[in-house]
Amino acid sequence: MGKAFDLSLLGTFLPELLAYLPITLLILAASLFFGLLLGLLLAIPRLYNIPVLTQLVVVYVSFIRGTPVLIQLFLVYYGLPAVLGLVHLDLSRADPLLFVIVTYSLSSAAFLSETIRGAVNSVDHGQTEAAYAVGMTARQAFGRIVLPQALMVAVPNFANKVIGFLKDTSLAFTIGVMDMMGRGQTLISATAHALEVYISLAVIYYLVVIVLERLFAASERKLQQHERKWASA
1 MGKAFDLSLL
11 GTFLPELLAY
21 LPITLLILAA
31 SLFFGLLLGL
41 LLAIPRLYNI
51 PVLTQLVVVY
61 VSFIRGTPVL
71 IQLFLVYYGL
81 PAVLGLVHLD
91 LSRADPLLFV
101 IVTYSLSSAA
111 FLSETIRGAV
121 NSVDHGQTEA
131 AYAVGMTARQ
141 AFGRIVLPQA
151 LMVAVPNFAN
161 KVIGFLKDTS
171 LAFTIGVMDM
181 MGRGQTLISA
191 TAHALEVYIS
201 LAVIYYLVVI
211 VLERLFAASE
221 RKLQQHERKW
231 ASA
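Here it is, written out as structure tokens:
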């Protein structure tokens, strides 16, 4: 059992944990950046129905969606060094942060590829055909017709997934990454005040989520303004 609850400790733990927020945000940003790039590549075969590649992407997305992130993290942490060891690449001294970013990039790519595919497919194909009919190239049709409308659909879904990925980063401490959750575990071990630590972590994560929600809401309003201008043009 932990020690008696002490509300005053929140003032001590919050600054301690906030000092590690940049690590958590780094994991999130790097994972989303690489995940978005890979997600675009994964979406292409399904958008254009490329044989073999489409089936491989479907299996990959199904596997990622059907397994917990924690299991994926352990598979990468233990499996990647084993596989690369076969070609004499030693990752035994690699920073655990590398494995976390690789895992979350691979995981986020599967979900983002579906977001991209769904957003693009939501645009009526007849609009693209009409763009071709008036002389637009494929690039012009995508940039002027498909992309603006796809973004309107993608942003809310993307926002939800980003918030989900933020919460998933709390698992990074399981392989030794000293992020907010990792620091929280050391504070619990040192003070035995688990409840105060978890309350502090909950407050920080909640405030970050509120900031992200407002940023995405502002982005969505911006896109809607451009959509109205485009529609009235």
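If you count the sequence shown from 1, position 196 lands on 196 in UniProt numbering, and the numbers rise without skipping.
Built from N, CA and C at the ideal position, the CB exists for glycine as well.
Residue environment: S92 is assigned as exposed (fewer than 16 neighbouring CB atoms within 10 Å of its CB, all protein chains considered).
Rounded to whole angstroms, K222 and Y78 show a C-alpha spacing of 44 angstroms. Excluding the 5 residues flanking it on each side, I199 has same chain C-beta neighbours closer than 7 angstroms at L10, in chain order.
By the CB criterion at 7 angstroms, V120 and S219 fall outside the cutoff. If you ignore the 5 residues before and after V146, its C-beta comes within less than 7 angstroms of the C-beta of V120, V123 and T128, all in its own chain and listed in chain order. Proximity to D168 across M152, F33 and S107 peaks at S107, based on C-alpha coordinates. Burial check for R183: the Cβ neighbour count within 10 Å reaches 16 or more, so the residue is buried. V76 sits away from F111, with the two beta carbons spaced by 7 angstroms or more. Y132 is classed as exposed because its beta carbon has fewer than 16 other beta carbons within 10 Å across all chains shown.
Counting along the chain, F111 sits inside the alpha helix (DSSP H) bounded by residues P96 to N121.
Between R65 and V57, the C-beta spacing is not below 7 angstroms. With at least 16 other beta carbons inside 10 angstroms of its own, L28 counts as buried. When DSSP states are grouped into helix, strand and coil, P68 belongs to the coil group. Counting C-beta pairs with one atom in each stretch, the stretch 191 to 207 and the stretch 148 to 164 have fewer than three that are closer than 8 angstroms, which means they do not touch. Within the stretch 155 to 184, not a single complete beta strand (DSSP E) segment reaches 3 residues in length. Taking E16 as reference, the option from L38, L40, M178 and A43 with the minimal CA-CA separation is M178.
A Cβ-Cβ distance of about 7 angstroms is found for the pair F5 and E196, placing them in contact under the 8 angstroms criterion.
For L73 against T186, the beta-carbon gap comes to about 20 angstroms, at or over 8 angstroms, which does not count as contact. By the neighbour-count criterion, in which 16 or more other beta carbons inside 10 Å mark a residue as buried, S8 falls on the exposed side. Beta-carbon to beta-carbon, L166 and I116 are separated by about 20 angstroms, too far to satisfy the 8 angstroms threshold. M181 and A172 do touch by the CB rule: their CB atoms are close to 7 angstroms apart, below 8 angstroms.
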